[in-house]
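Trainee:
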Amino acid sequence: MSSGLKTIDLSNFDTSNVTTMGNMFDGCSSLTDLDLTNFDTSKVTSLSNMFQNCTNLKTLNISSFKTPALLYIAGMFNGCKSLIKLDLSNFDTSKVSNFSNLFQNCNSLEYLDLTSFNTSKGTQMVNMFRNCQKLKTLDLSSFNTSKIVIMSCMFYGCTSLVELNISSFDTSKVTDMSGMLCSCKALTELDLSNFNTSKVTNMSDMFNSCSSLTKLNLLKFDTSSLTDMSGMFYNCNSLTNLDLSSFNTSKVVKMAKTFTLCRKLTTIYVSDLWNTSSVTNSTQMFSNCTSLVGAASYNSTKVDISMANYTTGYLTYKSNN
């Protein structure tokens, strides 16, 4: 449809036999209000990118949508920058496997109730809530994530989130958590104690710019498969100590900017599991970690892998037993 379309009357549409509504309003950047309460979506299998880049859409009534046949929903509201609220209480997502980009760039969304979402078939949640900058709380305790493989950038840029309940997440199949919580600047605490990270290979930028986090319990993290932790704690400038004594880093190749700008960080604990023999990129690993003290005190001219040890570097030994 046209990007110049400001209003549209669809009250006489018969959609009872429609199976796909993917990209239906994609790019209708002038639309401000849309009432689709008369839409019959009982046979619809795809709603992917349906409202993508409806950047001025402020009111969207889809409360009557029933979706028993739904298979595809990725990107449905991607770029709906003006939407303040959404009622998805009647959505049946039990057959959906890809939830990626679903609410990406919904910059004005203030509240989201997803307690009725069935995510049991889901395998991907890439960018699912990326740049939902106005969301303050998000309760995902009802999410079944047992089949999710990719969670990269899932909450990236959720800068106003002060409460995030993901403690019940089953992450046993997840391989990619890169950027997952990047720029969640308002989060002061985070419960990841139940996370199973045994298959995760990429944690780059996972906590990048989580600048209000004062503590982070990662003692149950299994990093035996991890290859990339570049930028993992970049700009976590409220952390004062970090216990990585459970971290097995024998397969890690990338550690560039892992602790960069952690200015309040005084102590990083590691054990004999800490092994940097495979690392090929450690550029600025400890750059601007001005408070860090281990076996040696911080020296701004020495910020690479050469100081990532507890005998002559900036780390502190702690037994993993």
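Sequential numbering of the sequence shown, starting at 114, is according to this note's numbering.
Each residue gets a CB set at the ideal place from its N, CA and C atoms; glycine is no exception.
1. Given this structure, state the Cα-to-Cα distance separating Leu149 from Lys234, to the nearest angstrom.
2. Any heavy atom of the ligand PLP within a distance shorter than 7 angstroms of the CB on Met137?
3. Taking only three categories from DSSP, how would you classify Ser159?
4. With a Cβ-Cβ cutoff of 8 angstroms, do Met241 and Phe216 count as a contact?
5. Spell out a yes or no on whether the segment 321-328 and the segment 342-355 are touching, meaning 3 or more CB-CB pairs, one atom from each, closer than 8 angstroms.
6. Restricting to Cα atoms, I'd like to know which of Tyr347, Lys431, Asn151 and Thr389 is closest to Ser359.
7. When burial is assigned at 16 or more other CB atoms within 10 Å of the CB, is Leu123 buried or exposed?
8. Spell out a yes or no on whether the segment 246-255 and the segment 273-288 are touching, meaning 3 or more CB-CB pairs, one atom from each, closer than 8 angstroms.
9. Give me the Cα-Cα distance between Gly270 and Ile261, rounded to the nearest whole angstrom.
10. Determine, using beta carbons only, whether Asp283 and Ser265 come nearer to each other than 8 angstroms.
11. Would you say Asn211 and Thr236 are within 8 angstroms of each other, going by their C-beta atoms?
12. Helix, strand or coil: how does DSSP classify Ser285 here?
13. If you compare alpha carbons, which of Thr272, Thr429, Ser129 and Thr250 is closest to Ser356?
14. Using only CA atoms, which one of Phe204, Asn136, Gln397 and Ser311 lies nearest to Asp335?
Mentor: On the basis of the supplied data:
1. As a working note, residue 149 is residue 36 in the sequence shown. As a working note, residue 234 is residue 121 in the sequence shown. Roughly 27 angstroms separates the two Cα atoms.
2. The ligand PLP is not part of this structure, which contains no ligands at all.
3. Position 46 of the sequence shown holds residue 159. Residue state, collapsed to three classes: strand.
4. Counting from 1 along the sequence shown, the entry for residue 241 is found at position 128. Counting from 1 along the sequence shown, the entry for residue 216 is found at position 103. Against a cut-off of 8 angstroms, the Cβ pair of Phe216 and Met241 comes out as a contact.
5. The segment 321-328 is in contact with the segment 342-355.
6. Translated into positions along the sequence shown, residue 359 becomes position 246. Closest by alpha carbon: Lys431.
7. Numbered from its first residue, the sequence shown carries residue 123 at position 10. It counts as exposed.
8. Counting Cβ pairs under 8 angstroms, three or more are found: they touch.
9. Your numbering for residue 270 matches position 157 in the sequence shown. Your numbering for residue 261 matches position 148 in the sequence shown. Each residue's CA atom was taken as its position, placing Gly270 and Ile261 some 21 angstroms apart.
10. Reading the sequence shown from its first residue, position 170 is the one you call residue 283. Reading the sequence shown from its first residue, position 152 is the one you call residue 265. No, Cβ-Cβ distance for Asp283 and Ser265 is not below 8 angstroms.
11. Along the sequence shown, one-based indexing puts residue 211 at 98. Along the sequence shown, one-based indexing puts residue 236 at 123. With respect to Thr236, Asn211 sits close: the two C-beta atoms are nearer than 8 angstroms.
12. By 1-based counting over the sequence shown, the position of residue 285 is 172. Correct three-state label for Ser285: coil.
13. Here residue 356 refers to the residue found at position 243 of the sequence shown. Before going further, note that residue 356 is Asp rather than Ser in the sequence given. Answer by Cα proximity: Thr429.
14. Locating residue 335 in the sequence shown gives position 222, where the first residue counts as 1. Closest by alpha carbon: Ser311.
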